[in-house]
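To convert, note that position 162 of the sequence shown is 162 in the numbering used here; the numbers rise steadily by one, no gaps. Quick reminder that beta carbons are idealized off the backbone N, C-alpha and C, glycines included.
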Amino acid sequence: MPIIEIICLANSRKHSGRCIAGLRTDGNGWMRPVSILPEGILQERHYTLTDDSEAQLLDVIRIPFDKPRPQPHHPEDWQIRPDTWELSTRTLTKEHIACLKANLTYGPELLGNAEDRILYPASAHGSITESSLALVQPENLHFHVKARKNGEKQVRVLFELGGADYNLAITDLEWEPRLKSQEIGIYTLDDFGISPFDTPLLTISLSEPLLSEVAGENRCYKLVAALFLAPTGWNPEVEAIEEPPIPEPTPVPAKRAAKRKSEEVIAPSETTEPLIRVAVAGAAGRMGREVVRAVLEAEGMSLALAIDHQNVGADAGELVGCPRANVPIIEDLESALKLIEVDVLVDFTLPDSVFKNLQIALANGVSPVVGTTGLSSEQLERIDALAKEKGIGAFVAPNFAIGAVLMMEFAAQAAKYMPDVEIIELHHEKKLDSPSGTALLTAQKIVEARTQAPTPLPTNTVEKIAGARGATFGDIPVHSVRLQGFVASQEVLFGGLGQTLTIRHDSLDRRSFMPGVVLSVRKVRALEGLVVGLEKLLV
Ligand code: NAD
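Have a look at this one:
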């Protein structure tokens with residue numbers, strides 16, 4: 001049952017508790033004390049020290065441990081015993097500083113690569129990373145306070161390390177709320193009254209994996225778990241120079257923050273970022289796979305998230321026959337939206353899933369583009385209201401094929417002169433809802449366009465098999481065919497004196513829907529509230 005002394009270098013928020021980590025003073029590297037609570041979070045009773053103060057950054061603390069409890073993504077985890085931690089000192093010695101310097105990471109790689117995350121192959125045995133903690137002395141450090149569309153602020157730390165640019169979320173206990181209290185904009189340490197003679201240091205820690213219980217790959221994000229100033233003795237030659245008085249931190253004036261906002265466009269990480277970040281729900285389904293491919297191939301879009309209950313962990317790019325996209329399929333849309341910025345959610349899921357997905361998207365300020373059919377008119381009204389509440393656009397199209405939209409328009413035109421009509425829609429055998437959304441929308445357009453009543457049918461007809469005449473929308477019979485071989489087809493049959501008119505559209509391949517989906521992704525953010533029907537976007 002060892003008692004091990006660490007220099008505390010991370011003291012960050014983790015759910016309702018904390019995550020603390022530090023370097024062992026015995027020279028054996030990093031250590032992260034974890035409790036037996038879920039994800040090892042620490043509570044007040046754990047990090048209250050023998051002198052009744054709370055553990056702080058750069059404290060030297062002696063912690064009673066039970067045993068190492070390495071996780072594949074956190075090899076430095078050690079399980080603590082219930083005994084109180086002892087504060088050794090709050091003044092670092094030369095040896096402590098040497099220990100910190102010996103453990104600095106210089107980049108450009110940070111915890112295994114030069115990206116903001118590492119992949120987590122859940123099928124892998126043993127450790128997936130040599131280390132989940134790193135101490136860095138960043139160059140060109142600044143902060144970006146951004147607003148999500150739901151009004152929540154998000155704070156990012158931007159810095160250079162060995163020539164690589166990093167842009168990471170911060171969970172430091174003091175800096176995260178401090179930055180969130182600022183107005184939107186870009187800030188430097190100078191804005192917080194920190195002297196240029198001070199050296200900022202960051203502790204970077206890997207997050208918990210985003211859904212880890214599955215085969216394939218998930219992600220652990222790199223987080224700024226601590227931002228602190230190097231202790232006295234770090235830069236002896238600089239410290240020998242007399243420092244100018246340090247001004248009190250002053251709030252950034254509104255005007256100045258506003259100017260900075262306009263500068264956001266020239267921040268290096270912003271200019272290189274693709275324009276529209278797209279999440280695809282139902283990414284492993286028949287339509288979803290086409291959408292993933294279309295997004296990966298479209299100009300000005302990036303695939304930010306791929307959600308499905310199938311093929312979880314598989315790389316979305318590889319799943320659809322494209323090059324690796326480094327976007328694993330994950331299951332939980334809601335928690336993913338908290339971590340990853342998304343502009344548009346394209347939903348091709350199932351009738352009983354779509355409404356919940358849309359509520360989650362809208363609550364997070366993400367504009368939905370919906371292909372899934374089966375939404376009721378009450379649900380559509382609710383989506384409209386939620387989108388308006390958030391001041392964002394939402395779009396639903398029962399049919400994304402441009403030919404199908406034209407079919408509906410032509411049918412509405414014909415209905416002015418030929419009011420007698422029936423609809424036959426033909427889909428693949430796995431389609432769950434009947435009739436199709438396109439059939440219903442076509443019928444509605446016909447009803448609205450008619451200028452004459454249809455010819456009444458005899459009232460004494462007999463249906464030898466119930467349903468033989470199809471279901472009806474108003475007075476329009478709608479017949480649903482479900483057969484292998486079809487993708488999505490529809491015939492609108494008009495009858496008149498001595499003549500018939502058939503308007504038919506066939507989607508022969510699911511790719512037929514993609515130009516409409518891509519167009520909608522480009523346009524949805526400019527809409528106000530909910531818009532239904534691709535024809536409204538075809539100007
Ligand atoms: P599919 O069954 O092949 O795919 C649906 C996928 O959604 C599945 O992989 C399923 O696992 C996944 N899923 C279910 N619930 C989910 C959830 N909560 N979150 C994430 N993923 C979830 O079906 P499909 O043929 O791709 O069709 C999907 C929908 O699109 C259907 O409603 C269909 O009618 C509709 N559709 C619309 C158009 C159009 O132009 N609007 C065209 C074709 C199909």
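- Within its own chain, the residues whose Cβ lies closer than 7 Å to the Cβ of P419, once the five positions on either side in sequence are excluded, are R450, Q452, A453 and P454, listed in chain order.
- Taking the C-beta atoms as reference points, H46 is found nearer than 9 Å to W85.
- Going by DSSP, T500 is part of the beta strand (DSSP E) stretching over Q499 to S507.
- In the displayed model, I6 falls within a strand according to three-state DSSP.
- By alpha-carbon distance to K101, the top candidate from M287, P82, I330 and L135 is L135.
- For L441, the closest alpha carbon among the candidates A404, G485 and D26 is that of A404.
- Look at L179 here: in three-state DSSP terms it is helix.
- N113 sits exposed, since fewer than 16 C-beta atoms from the chains shown fall within 10 Å of its C-beta.
- Nearest neighbour of D308 by Cα position, chosen from E331, M301, S132 and V320, turns out to be E331.
- For the segment 134-211, the continuous beta strand (DSSP E) assignments of 3+ residues that do not extend past its boundaries occur at 139-147, 153-161, 164-170, 185-188 and 200-206, in sequence order.
- Secondary-structure assignment with DSSP links N113 through a beta bridge to L110.
- Pairing L161 with H144 gives a Cβ-Cβ distance that is not under 9 Å.
- In the displayed model, T48 falls within a strand according to three-state DSSP.
- Listed as beta-bridge partners of R13 by DSSP are R18.
- Secondary structure of N218 (DSSP, three-state): strand.
- For P515, the enclosing alpha helix (DSSP H) has its first and last residue at M514 to K523.
- An exposed status is given to D190, since fewer than 16 other beta-carbon atoms sit within 10 Å of its beta-carbon.
- If only uninterrupted beta strand (DSSP E) runs of at least 3 residues are considered, those enclosed by the segment 361-410 are 367-370 and 393-396.
- Scanning E76, Q56 and T105 for the CA closest to the CA of T89 turns up Q56.
- In the DSSP annotation of this structure, A102 is not part of any beta strand (DSSP E); the continuous alpha helix (DSSP H) holding it starts and ends at K94 to A102.
- Just measuring C-alpha positions, the residue of V346, G313, K338 and R293 sitting nearest G321 is R293.
- Taking 8 Å as the cut-off, the C-beta of A363 does not count as close to any heavy atom of the ligand NAD.
- Residues G17 of the same chain have their beta carbon placed closer than 6 Å to that of Q43, with the five preceding and five following residues left out of the count.
- Counting C-beta pairs closer than 8 Å gives three or more between the segment 393-401 and the segment 513-529, which meets the contact rule.
- Within the model, the alpha-carbon separation for L296 versus T91 is close to 53 Å.
- In the DSSP assignment, S480 forms a beta bridge with E425.
- In this structure, the CA atom of D172 is about 8 Å from the CA atom of A10.
- Taken atom to atom, the span from the alpha-carbon of G193 to that of L133 is near 28 Å.
- Residue list for the ligand NAD: A281, G282, A284, G285, R286, M287, I307, D308, H309, Q310, F348, T349, L350, S353, G371, T372, T373, N399, F400 and F513 (CB closer than 5 Å to any heavy atom, chain order).
- At the C-beta level, V487 and R504 stay beyond 9 Å of one another.
- Here the alpha carbon of A397 sits roughly 24 Å from the alpha carbon of E341.
- Remark: three or more beta-carbon pairs, one from each stretch, lie closer than 8 Å, so the segment 432-439 and the segment 368-380 are flagged as touching.
- With a threshold of 16 other beta carbon atoms within 10 Å, L519 meets it and is buried.
- Of the candidates E76, I3 and L37, the residue whose Cα lies closest to the Cα of A21 is E76.
- It is roughly 18 Å from the alpha-carbon of C8 to the alpha-carbon of D83.
- With respect to the C-alpha of L426, the residue from F400, V478 and P323 having the closest C-alpha is V478.
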